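Read through the structure below, which is laid out as structure tokens, and then see the notes.
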Amino acid sequence: MMKRLVAPLFMLLGACSSTPTRPLPPVIDGQTGEPAPGVPYEPPEQTVPVPLPPSSSSGGAVVALLDQAETYHRSGDSDNEAATIERALRIDPKNASLWSRLAAVRLEQGRPAQAEQLALKSNALAGEDNALQARNWRLVARARWSVNDGSGARAAEKKARDLGG
Amino acid sequence: MPPKKPTNGRRRTRKKRRRSRKSSSFPWAKIIVSVLVVVVAYVAFLDFQIYRKFEGNRWSLPARVYARPLELYTGLQLSAAQFANELKALGYRFVSRPRRAGEVSRNGNDFQLISRPFDFWDGREESRALRVSFTESHLGQLKDDRSGQSVALARLDPLAIGSIHTARQEDRILLRLDEVPDTLVKALIAVEDRGFYQHSGVSPRSVARALWVNLRSGRVVQGGSTLTQQLVKNFFLSNQRSLWRKINEAIMALLLERRYDKNEILEAYLNEVYLAQDGQRSIHGFGLGSRFLFQRPVGELSTAQVALLVGMVKGPSYYDPRRHPERALKRRDLVLQVMLEQGILDRTQYQKARNEKLGLVTAAAGTSKTFPAFLDLVRRQLRRDYNEADLVGEGLRIFTTLDPQVQWALQKSLDRRIRPLLKQQPDLQGAGVVTHSANGEVLALAGGRQAGFAGYNRALDAQRQVGSLIKPAIYLTALEHAERYNLATPLDDSVLQYEQSGQLWSPDNYDHQFHGKVMLYQALAHSYNVATARLGLNLGVNSVVSTLRRLGIDAPLNPYPSLFLGATNMSPIDVARLYLNFASGGFHVPLRSIREVLDANGKPLQRYDLSVERVIDPAPAFLVNRALQMVVAEGTARALNQRFAAALGLAGKTGTTNDLRDSWFAGYDGEKLGVVWIGRDDNQPMGLTGSTGAMRVWSDLYAEAGVVPQQALKPEAVVWHGVDRDSLGLADNGCQDTVQLPFIESGSLPARAPCATGGGPDWLPGWLR
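Quick note, the sequences are listed as chains F and U, same order.
Letter by letter, the first sequence follows residues 1 to 165 in our numbering.
Letter by letter, the second sequence follows residues 1001 to 1769 in our numbering.
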């Protein structure tokens, strides 16, 4: 039993370590989190590594879609503009600027509550980008003004100012 | 509308009476005039019927449902093998050199293809020649194959996954005549109606010719009716064989030819003709016929395939190539023979076509049989927003969120893990849901262990105890009280006896042991019931219920302490809704299975917009996410570490219910959330825990579909500290065994650990450092 258990672990460790020059010390049963009782031990499958994206990224695709969104914007077609930004967000869901852009469209469409939430989402992804965060807070302020939430709007404006925007 | 049945009998008796009364001066002229008037009126009536049918919507068209289109761009996470699978499903043909749309060549990780044109909501995506190269896990390069220039973005045609129709409804994909290959039109005319371009609707000559041809070949090769007559019959008349019908057919054929030109009649015929049966749905027209048999548009058919379709017109069920392949092959070869004789093919083309196999796809491909559970979800959403008549008749096009890659991976993983257990557990079942974390799109849905099996949709309808899956809601409630709780707060995992209305509640741990003082995150990571119950009792059941409500759970919840251990029922999709809050960094994201609905002309009727709502503050959301990552790093899901690199930052939670009745796993990477359930429909024990059952399916699913690293951005209000595992105090360089944990800066912190020597004092306030 012991041997059967240890052999695959050896193989696993061998596969993971980069320079297996010396034989590895025996693995003590129980140290590696044994499977629940009654369940046959399964040798682990090939390890799934962190996928390495190619050097050039999805940026080109997002830029192309932003151009298209801009065209819709200029022709006043906010529905298609929003749908195009959503398409870009599927490609790059962590792109804080895209969320901010979508927030701006929603505000234009007269949907201040959703505009505010999208701006908050953008801020959650903005990291150190203070300028973007400030822009989002100003957008939140405008959304709150539009529903006569004066104190809320002023609080958002203050946050924008504190961020230097 | 069926033509009015003539009421011959009554008319005759009336005439008789009239005759007996006025026998002296019989009004021949009047009768002739009246008969003429009736005939003219009747012909005018038929003519109006034709007019109405042809000028209006000729056909009631079922809504057609599509998967998401695959968007190609540099940096897309997709392997060459996955890409090849997608192309195969779309019916692309693998050739040595692509020349036409729908053809592709593959050389290892490099593909050359000519994409198909497709009309999307934002206009037509034109066909283009592309060169696509893959790295191990990503699309590395996308180029225009003619100019060699980089292409930023290209969209393939989406996989048709079904149509929404009523029982015994006709289904068809409309074609314009210019989309139909010349050989098909010529072959059809050669076989069905050689005089089509000469006759005026009815052709005594073609009846004679058909007789002659049939006599010569010793069997029925040609029918006597013209294409026009066949069209009239299918369009307006019953299947009944009667002289009256024949007369009507002839009159209407003549009228049709008077009103419309040959090309219009031909186009209508090509779309009307009945070609096959798919269960309750009848397949009409060459557009859908081609998809149904060969999973490709009619313009991409080979000569042999064209001949088969043309041959089937004569007897769709008799020549059904799936049920009677030999019969169908003979018929096809006969059509090829006619094509050769008529000069449509030369000898070489003929020989080549003769040597071809039937080349059918399975009946399941491209029909609602492939992804029934997902289509069920789509239908439920549509029924809320549309009436049935519009769905089955208006030719709507429904663009869904289904990602075939993820769906295949889910089905394969469920099957792979459950099938080997069926010998001992024939009733074992499973279900799964995968969603995009950021936008709530449902990428895949499995309603049972068998792919393509329509029926009880467990992903939506199985209400099962969730067990420990509920615990993150309790820990979140605690962490939102940052002044009292942090991830290192010691929790008491010792015997608990709680009396409630005279009843004693004494929860036990899964391993029947007590673990003493454990850190808050550890209690979640190892799913300790007793520590969790005690924490829940301190928070109060009402505050946990209100957390769950805020996270969007509207299922009934029992406000008793047993709720802390998951004594409440949810479906897999409910669980996905709950965990999406954690996977999306604290935002509630409504699930969506439809992106947009277009009308028959391609105009957007309705969009299902992305919307989000912050329901957890950034700091506690970050802490809960970290705790769920620790479940994988060192808790009940640590087996995942044997397979997935630690740097992927996978997060999740196992769930196991009493006596092993339910095995759950809910987990996410940087892009998608997956929920898997395994159990029995009769709710009997089946011997699997969350980590020995559902988690293995999840693990296969993510390995197959591809994993995206999860790197949550640390909110400003959060700081990292080392904690000594032994004393649960703040550690520094002097401590041996520490764990790095995030803390809310303004909240509570553990006391300094005894091992902390003052070196590397990361527990000191900033101004002292």
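From the three backbone atoms N, C-alpha and C, an ideal C-beta is built for every residue, glycine too.
As the structure is a prediction and not an experimental result, all values here were calculated from the model.
| Query | Result |
| --- | --- |
| Using the DSSP secondary-structure output, state which residues sit across from aspartate 1493 of chain U in a beta bridge. | U:Gly1516 |
| Check each residue of the region 117-135 of chain F: if its Cβ is closer than 9 Å to any Cβ of chain U, include it; give the result in chain order. | Gln117, Leu118, Leu120, Lys121, Asn123, Ala124, Leu125, Ala126 and Gly127 |
| Which partner residues does methionine 1695 of chain U have in the DSSP bridge list? | Answer is none; methionine 1695 of chain U lacks a bridge partner. |
| Helix, strand or coil for aspartate 1144 of chain U, going by three-state DSSP, please let me know. | strand |
| Would you tell me roughly how many angstroms separate the C-alpha atoms of proline 1618 of chain U and leucine 1605 of chain U, rounded to the nearest one? | 36 Å |
| Please report how far the alpha carbon of valine 1313 of chain U lies from the alpha carbon of leucine 1275 of chain U, in whole angstroms. | 6 Å |
| Under the three-state reduction of DSSP, which class applies to tyrosine 1073 of chain U: helix, strand or coil? | coil |
| In the DSSP assignment, what are the bridge partners of leucine 1428 of chain U? | U:Arg1680 |
| List, in chain order, every chain U residue whose beta-carbon is nearer than 8 Å to that of aspartate 79 of chain F. | Pro1604 and Arg1607 |
| Would you be able to state if there are at least three C-beta pairs under 8 Å between the region 1750-1760 of chain U and the region 1723-1732 of chain U? | yes |
| Measuring CB to CB, does serine 1663 of chain U end up less than 7 Å from isoleucine 1678 of chain U? | yes |
| Contact criterion: CB-CB distance below 7 Å. Does glycine 1432 of chain U meet it with respect to chain F? | no |
| So threonine 1400 of chain U packs on alanine 1067 of chain U, CB below 8 Å; how close in whole Å? | 6 Å |
| Rounded to whole angstroms, what's the CA-CA distance from leucine 1565 of chain U to proline 1472 of chain U? Just pull it up for me. | 11 Å |
| Determine the direct distance from the alpha carbon of leucine 1421 of chain U to that of glutamate 1394 of chain U, and round the result to whole angstroms. | 46 Å |
| Under the rule that 16 or more other beta-carbon atoms within 10 Å means buried, what is alanine 1756 of chain U, buried or exposed? | buried |
| From U:Ala1250, U:Ile1173 and U:Thr1689, pick the residue whose C-alpha is nearest to that of glycine 1270 of chain U; which is it? | In the sequence as presented, glycine is not what sits at residue 1270 of chain U; that position holds leucine. Of the candidates U:Ala1250, U:Ile1173 and U:Thr1689, the one whose C-alpha sits nearest the C-alpha of leucine 1270 of chain U is U:Ile1173. |
| Determine the DSSP secondary structure at threonine 1303 of chain U, reduced to helix, strand or coil. | helix |
| For a contact meaning CB atoms closer than 8 Å, what does serine 58 of chain F contact in chain U? | Tyr1073, Thr1074, Gly1075 and Leu1076 |
| Please compile the residues from chain F whose C-beta is within a distance smaller than 8 Å of the C-beta of proline 1709 of chain U. | Val50 and Pro51 |
| What's the call for tyrosine 1485 of chain U, buried or exposed, on a 16-neighbour Cβ count within 10 Å? | buried |
| What is the rounded straight-line gap between the Cα of arginine 144 of chain F and the Cα of tryptophan 99 of chain F? | 18 Å |
| Quick one, which of U:Leu1382, U:Val1273, U:Ala1666 and U:Gln1740 has its alpha-carbon nearest serine 1593 of chain U's? | U:Leu1382 |
| Within the 7 Å Cβ cut-off, does glutamate 1613 of chain U reach chain F? | yes |
| Less than 7 Å separating the beta-carbons of glutamate 1300 of chain U and glycine 1552 of chain U? | no |
| Give me whichever residues DSSP pairs with tryptophan 1720 of chain U in a beta bridge. | U:Pro1742 |
| Would you tell me roughly how many angstroms separate the C-alpha atoms of phenylalanine 1094 of chain U and serine 1115 of chain U, rounded to the nearest one? | 13 Å |
| Use the C-beta contact count for arginine 1331 of chain U: other C-beta atoms within 10 angstroms, 16 or more gives buried, fewer gives exposed. | buried |
| Taking only the alpha-carbon atoms, compute the straight-line gap between arginine 1259 of chain U and aspartate 1376 of chain U and give it to the nearest angstrom. | 44 Å |
| Determine the chain B residues that contact proline 1117 of chain U at a beta-carbon separation under 7 Å, and present them in chain order. | The structure shown contains no chain B; the protein chains it does contain are F and U. |
| Where does aspartate 1119 of chain U sit, in a helix, a strand or coil, going by DSSP? | strand |
| Please list the segments of the beta strand (DSSP E) lying wholly inside the region 1431-1512 of chain U, counting only runs of 3 or more residues, in order along the chain. | 1442-1446, 1490-1493, 1498-1500 and 1503-1505 |
| Going by beta-carbon coordinates alone, are alanine 88 of chain F and valine 62 of chain F separated by less than 7 Å? | yes |
| Using a 10 Å radius around the Cβ and a threshold of 16 neighbouring Cβ atoms, would you call histidine 1284 of chain U buried or exposed? | buried |
| In angstroms, rounded to a whole number, what distance separates the CA positions of valine 1612 of chain U and leucine 1580 of chain U? | 11 Å |
| What residue range is occupied by the uninterrupted alpha helix (DSSP H) comprising aspartate 149 of chain F? | Here aspartate 149 of chain F belongs to no alpha helix (DSSP H), and DSSP marks it neither H nor E. |
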